[in-house]
Amino acid sequence: MSFPRPLRRAVSLTPARTLRLVVLGQGAVGKTALTVRFITKRFIGDYDPTLEMIYRHTAIIDGDMVHFEILDTAGQEEDSLQIEEKIKWGDGFAVVYSVTDRCSFDEVMRLCFLINHIHSSPKRNSGSGEPPVVIVGNKKDLQFDRMVTFEDGENLSKALKHPFYEISTRDSYEETAVVFNTLYGELMKQGHFSPGSFK
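So the mapping is simple: this note's numbering equals the position in the sequence shown, first residue as 1, plus 17.
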């Protein structure tokens with residue numbers, strides 16, 4: 018598996034871009050841990066599973082300053098309208114499951130179809146095609162509790178035609194950063210960025 022290039026330090030004079038990313042998945046798969054690990058480089062294991070928040074973060078990627086607005090969804094049971102509004106808000110998506118939870122893996126396909134359906138709606142008129150989606154298998158460090166194999170994730174990735182990474186948010190900041198760097202790279206190819214509300 019090849020990883021995107023790491024962050025660089027040289028900063029260009031290009032105006033900062035704003036990326037709106039949504040982290041989706043069932044409860045307790047590590048969505049908040051993934052987001053906080055990327056922003057702070059620290060792993061914190063315990064969070065309020067009902068809390069939903071937009072995190073704002075600035076990073077230098079390939080010499081460009083990038084503003085991230087990351088919507089960390091609560092992962093609780095929600096009606097379709099609530100989920101639809103969150104998906105409409107985002108430019109790119111990390112769909113997360115836990116390798117220790119088969120049900121969370123099964124939910125990935127439904128979420129990916131929802132994303133593509135909502136963003137392909139004629140009402141959006143974005144002209145940017147399907148939005149970038151990365152499938153993330155989290156908690157690979159919990160090998161003895163594993164219920165989803167790496168091959169399961171890889172096969173789903175091929176079927177849905179989305180990049181896939183199996184990571185441990187607990188063990189590796191680099192693996193975590195790859196998820197967000199990949200979404201940035203895909204959005205760069207599309208040239209689609211939000212005006213954002215970064216302050």
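Note that the Cβ used here is the ideal one computed from N, Cα and C, for glycine as well.
Taking a 10 Å sphere around the C-beta of Gly146, we find fewer than 16 other C-beta atoms and assign the residue as exposed. For Tyr64, there is no enclosing beta strand (DSSP E), as DSSP marks it with neither H nor E. Checking the DSSP bridge columns, you'll see Phe85 partnered with Leu36 and His74.
Between Arg127 and the set Val112, Thr67 and Gly170, the nearest pair of CA atoms involves Val112. Excluding its 5 nearest sequence neighbours in each direction, His179 has C-beta neighbours in its own chain below 6 Å: Val150 and Ile152, listed in chain order.
Taking Val125 as reference, the option from Ala176, Glu69 and Ala33 with the minimal CA-CA separation is Ala176. Of all C-beta pairs linking the region 161 to 175 to the region 196 to 207, fewer than three are shorter than 8 Å, placing the two stretches out of contact. Looking from the CA of Val196, the closest CA among Gly109, Ile135, Phe122 and His136 belongs to Gly109. Separation of Val53 and Tyr64 (C-alpha to C-alpha, rounded to the nearest whole angstrom) is 11 Å.
Residue range Val150 to Asn155 is occupied by the beta strand (DSSP E) that includes Ile152. With a beta-carbon spacing of about 18 Å, Thr117 and Leu41 fall beyond the 8 Å limit used to define contacts.
For Leu204, the CB contacts under 7 Å within the same chain, skipping 5 residues up- and downstream, are Leu36, Asp108, Gly109, Pro149 and Phe210 in chain order. DSSP places Val53 inside the alpha helix (DSSP H), whose first and last residues are Lys48 to Thr57.
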